[in-house]
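In this note's numbering, the protein residues as written are 6 to 193.
Given below as structure tokens:
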């Protein structure tokens, strides 16, 4: 019953360095596995691509964690966006190779650097909140700080922790760090 069957993926995980030598093979594998796990838990059909293939069959591209956007990838992603495609980036993905700014102005974000917090909290806005608890959700890895450019819609907020792990007195530690307050509204 599966003879002649084809996967109908409408999403792809983009990882250009699949064709390049790896400086940290474990990290590449973890990054792709993390994106794959996310999409499998959401029951999405997806492919993994290095962007050399035709992307026109996809509605969305997931650019996970550490994919920097060089000039060649920027052309491919910009073409994809102009045709109505959606790009979902996480962590440092989307930054230029120098990691000083987002490579595409279409992101509508200013990169402000890495977060000073080793734990943060995420609260989804009404547009994204379906299925999420009405409370701050813990993020256990440092992220980036970004600012939405004028005209962009902010759909989530970040809350800073009451204190950072291993920063209080270095002798007494807590496994739970509560949120303290919203991060500045223009930076996320």
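Where a beta carbon is used, it is the ideal one built from N, C-alpha and C, also for glycine.
Worksheet item: If we call anything under 7 Å between Cβ atoms a contact, is residue 71 one with residue 109?
Response: Sequence index remark: in the chain shown, residue 71 carries index 66 (1-based). Sequence index remark: in the chain shown, residue 109 carries index 104 (1-based). No, these two residues do not count as a Cβ contact at 7 Å.
Worksheet item: Under the rule that 16 or more other beta-carbon atoms within 10 Å means buried, what is residue 184, buried or exposed?
Response: Working through the chain shown from its first residue, we reach residue 184 at position 179. Residue 184 comes out buried.
Practice prompt. Could you spell out where the beta strand (DSSP E) holding residue 14 opens and where it closes?
Written response: If you number the chain shown from 1, residue 14 lands on position 9. Looking at the DSSP string, residue 14 is not in any beta strand (DSSP E), and its letter there is neither H nor E.
Worksheet item: Helix or strand or just coil, what does DSSP make of residue 134?
Response: As a working note, residue 134 is residue 129 in the chain shown. Correct three-state label for residue 134: coil.
Worksheet item: Using DSSP with H/G/I as helix, E/B as strand and the rest coil, what is residue 84?
Response: Looking up residue 84 in the chain shown gives position 79. Correct three-state label for residue 84: helix.
Worksheet item: Taking 6 Å as the cut-off, does the CB of residue 137 come closer than this to any heavy atom belonging to the ligand ADP?
Response: Because no ligand of any kind appears in the structure shown, any question about the ligand ADP cannot be addressed here.
Fill in: CB-CB length for residue 74 against residue 118, believed under 8 Å
For the purposes of this step, residue 74 is taken as the residue at position 69 of the chain shown. For the purposes of this step, residue 118 is taken as the residue at position 113 of the chain shown. Incorrect: roughly 18 Å between the Cβ atoms, too far for contact.
Worksheet item: How should residue 10 be labelled, buried or exposed, when 16 other C-beta atoms within 10 angstroms of its C-beta is the threshold for buried?
Response: Taking the first residue of the chain shown as 1, we reach residue 10 at position 5. Classification of residue 10: exposed, given that the 10 Å Cβ count is below 16.
Worksheet item: Under the rule that 16 or more other beta-carbon atoms within 10 Å means buried, what is residue 36, buried or exposed?
Response: Within the chain shown, the letter at position 31 stands for residue 36. Looking at its Cβ environment, which holds 16 or more other Cβ atoms inside 10 Å, residue 36 is buried.
Fill in: Rounded straight-line distance, which links the Cα of residue 18 to that of residue 42
As a working note, residue 42 is residue 37 in the chain shown. As a working note, residue 18 is residue 13 in the chain shown. Cα-Cα distance, rounded: 11 Å.
Discussion item. Using 8 Å for Cβ pairs, my map puts residue 168 next to residue 144. What's the rounded Cβ distance?
Written reply: Stepping through the chain shown from its first residue, residue 168 is reached at position 163. Stepping through the chain shown from its first residue, residue 144 is reached at position 139. At roughly 16 Å, the Cβ-Cβ gap does not stay under 8 Å, so residue 168 and residue 144 are not in contact.
Worksheet item: Since residue 187 sits in a beta bridge, which residues does DSSP pair it with?
Response: For this step, residue 187 is matched to residue 182 along the chain shown. DSSP lists 164 as partners of residue 187.
Worksheet item: So what does residue 115 bridge to, in DSSP terms?
Response: As a working mapping, residue 115 is identified with position 110 in the chain shown. Looking at the DSSP assignment, residue 115 forms a beta bridge with 152.
Item to complete: Could you name the residues of the same chain whose beta carbon sits closer than 7 Å to that of residue 51, not counting the 5 residues immediately before and after it, in chain order?
Response: Looking up residue 51 in the chain shown gives position 46. Same-chain partners within the cutoff: 14, 16, 17, 18 and 44.
Discussion item. In the DSSP output, which residue or residues are listed as bridge partners for residue 78?
Written reply: On the chain shown, position 73 is the one that residue 78 refers to. Residue 78 pairs with nothing; no bridge assigned.
Worksheet entry | Closest Cα partner of residue 87 within the set 65, 186, 94 and 48 | Counting from 1 along the chain shown, the entry for residue 87 is found at position 82. Ranking 65, 186, 94 and 48 by Cα distance to residue 87 puts 65 first.
Worksheet item: How would you write the range of the beta strand (DSSP E) that residue 103 sits in, first residue to last?
Response: On the chain shown, position 98 is the one that residue 103 refers to. Taken as a continuous stretch (DSSP letters only), residue 103 belongs to no beta strand (DSSP E), as it is neither H nor E.
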